Amino acid sequence: MSQYAVVLVGVMIIAVLGPAIVIAVVGFATIKALGRNPSAAPKIFTGVILMLVFAEATSVIALLVIFQLFGQ
Numbered sequence: 031m032s033q034y035a036v037v038l039v040g041v042m043i044i045a046v047l048g049p050a051i052v053i054a055v056v057g058f059a060t061i062k063a064l065g066r067n068p069s070a071a072p073k074i075f076t077g078v079i080l081m082l083v084f085a086e087a088t089s090v091i092a093l094l095v096i097f098q099l100f101g102q
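The letter at position 62 of the sequence shown is residue 92 when you use my numbering, and the numbering goes up by one with no holes.
Here it is, written out as structure tokens:
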């Protein structure tokens, strides 16, 4: 494995940790918003699910790139 691949793996690890932080912040904001206005739950949950899907997709793509680099 070249040294560029090692640097890229380091960047991809950061790309995996980033969505984890996003998921935590979104979860906190969701609970806070539901505490303020419980009747808005359907609207809030729709947006939250979309945000979580996009954050998780970013993490999965980064993991696939890491596995592809280590597989060579």
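Yeah, the Cβ is synthetic: ideal placement off N, Cα and C, and Gly gets one too. Bear in mind that the values here come from a model prediction, so they are computed numbers and not experimental data.
{"Check": "Between Phe100 and Leu94, what straight-line distance do the alpha-carbon atoms span, to the nearest angstrom?", "Outcome": "10 Å"}
{"Check": "Tell me whether the beta-carbon of Ile74 lies closer than 9 Å to the beta-carbon of Leu64.", "Outcome": "yes"}
{"Check": "Taking Ala92 as the reference, which of Leu47, Ala54, Lys62 and Val56 has the closest Cα?", "Outcome": "Leu47"}
{"Check": "Exposed or buried, what is Pro49 when buried is set at 16 or more other beta-carbons lying within 10 Å of its beta-carbon?", "Outcome": "buried"}
{"Check": "Taking the alpha-carbon of Thr76 as reference, which of Leu38, Thr60, Val37 and Phe97 has the nearest alpha-carbon?", "Outcome": "Thr60"}
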